[in-house]
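These protein sequences, in sequence, are chains A and B.
The letter at position 44 of the first sequence is residue 115 when you use my numbering, and the numbering goes up by one with no holes.
The letter at position 107 of the second sequence is residue 178 when you use my numbering, and the numbering goes up by one with no holes.
To start, the structure itself, in structure tokens.
2 protein chains.
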Amino acid sequence: MPDKISEMHAEICRTLGSGARIEILNALRDGEKTVSEITRDLGLRQANVSQHLAVLRQRRVVATRKEGTSIYYKVSNPKIIQACELMRQVLLEQLRESEELTKLASPSRKR
Amino acid sequence: MPDKISEMHAEICRTLGSGARIEILNALRDGEKTVSEITRDLGLRQANVSQHLAVLRQRRVVATRKEGTSIYYKVSNPKIIQACELMRQVLLEQLRESEELTKLASPSRKR
DNA sequence: TGCATATATACGAATATTCGATTAGAAAAT
DNA sequence: ATTTTCTAATCGAATATTCGTATATATGCA
Numbered sequence: 072m073p074d075k076i077s078e079m080h081a082e083i084c085r086t087l088g089s090g091a092r093i094e095i096l097n098a099l100r101d102g103e104k105t106v107s108e109i110t111r112d113l114g115l116r117q118a119n120v121s122q123h124l125a126v127l128r129q130r131r132v133v134a135t136r137k138e139g140t141s142i143y144y145k146v147s148n149p150k151i152i153q154a155c156e157l158m159r160q161v162l163l164e165q166l167r168e169s170e171e172l173t174k175l176a177s178p179s180r181k182r
Numbered sequence: 072m073p074d075k076i077s078e079m080h081a082e083i084c085r086t087l088g089s090g091a092r093i094e095i096l097n098a099l100r101d102g103e104k105t106v107s108e109i110t111r112d113l114g115l116r117q118a119n120v121s122q123h124l125a126v127l128r129q130r131r132v133v134a135t136r137k138e139g140t141s142i143y144y145k146v147s148n149p150k151i152i153q154a155c156e157l158m159r160q161v162l163l164e165q166l167r168e169s170e171e172l173t174k175l176a177s178p179s180r181k182r
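What follows is the structure, given as structure tokens:
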């Protein structure tokens, strides 16, 4: 039985565990955007984007601001971006490592 | 449709999206441990710990080393620990913020 | 008021994840 | 060889997540 903090920690991680939501965070990297803008950027359906935003909002990964009929979303804490950046680096390092293993398995021909 | 990198990124995040797995990573913070040790530390069933380790292994969040009948697990990349640390900070900041809001809502009595 | 636009919610089907119980496999010890 | 110990894998039930479709709500405008 994981303790409460670990479970909350995991919940934040789960919140980032969707390709669409990762792309939303990337879209919000350099500032706030409206739902329409995000929807346009990602090329997903409006309802679907709104669902993902709801998940991010519930876990307070994003914050909102209302202006007229539009709602602006932004990442609530820059540390979230930093954490994402680190995990992306881990991913890229893994990919590089895989490539190297592949090369070792079938070395390119010398001529 | 999220691109491939974002989907892989999300997969790593999903891998951390379980309280038990977060606690496993915490248990491995200061070095490698065997499955038995992790199982004892967390107080979960061996089969369950092994299942979680399999998830972490598949996504290469942890790496293994065999010694006799034991298998030692460690976190594969220190950046994963760093990312977790950042997310835990985000979580703690959120909790502090909630506390403050609670205080504002029902201020402690002055005497 | 009526209508268009922006965003959120509800619902259901498909899919994925989680855990316990059980079994399998591999190495060590007797 | 048998038994014991350590770890992994399988299977099924319960639960959670995801997406599309449809609908609701709110705001601004004619």
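Quick reminder that beta carbons are idealized off the backbone N, C-alpha and C, glycines included.
By the criterion of a C-beta distance shorter than 8 Å, Tyr-143/B is surrounded in its chain by Glu-103, Lys-104, Thr-105, Thr-135, Arg-136, Lys-137, once the five residues flanking it on both sides are discounted. With fewer than 16 other beta carbons inside 10 angstroms of its own, Leu-163/B counts as exposed.
At a beta-carbon threshold of 7 Å, the residues of chain A lying near His-80/B are Ile-93, Met-158, Arg-159, Leu-162, ordered along the chain. At a C-beta separation below 8 Å, Ile-109/A has no neighbours in chain B, since its nearest C-beta there lies roughly 13 Å away.
Glu-78/A carries a helical assignment under DSSP once its states are collapsed to helix, strand and coil.
Remark: fewer than three beta-carbon pairs, one from each stretch, lie closer than 8 Å, so the segment 88-101 of chain B and the segment 166-176 of chain A are not flagged as touching. Listed in chain order, the non-local C-beta contacts of Arg-128/A below 7 Å within the same chain comprise Thr-135, local neighbours out to five positions each way being set aside.
Look at Glu-103/B here: in three-state DSSP terms it is coil, with no helix or strand label. Around Thr-110/B, the same chain offers Gln-117, Val-120 as residues with beta carbons nearer than 7 Å, after the five sequence neighbours per side are excluded.
Arg-136/B does not reach chain A, its nearest Cβ partner there being about 17 Å away, counting only Cβ pairs nearer than 9 Å.
Between Gln-165/A and Thr-140/A, the alpha-carbon positions lie close to 44 Å from each other. Beta-carbon to beta-carbon, Val-161/B and Thr-86/B are separated by about 18 Å, too far to satisfy the 8 Å threshold. Excluding sequence positions up to five before and after Ala-81/A, its CB lies within less than 8 Å of the CB of Pro-73, all in the same chain and listed in chain order.
The DSSP assignment places 90-98, 106-113, 117-129 as complete runs of the alpha helix (DSSP H) inside the segment 81-143 of chain B, in order along the chain (cut-off: 4 residues). The beta-carbon separation of Leu-99/B and Lys-145/B, rounded to 6 Å, stays under the 8 Å limit for a contact.
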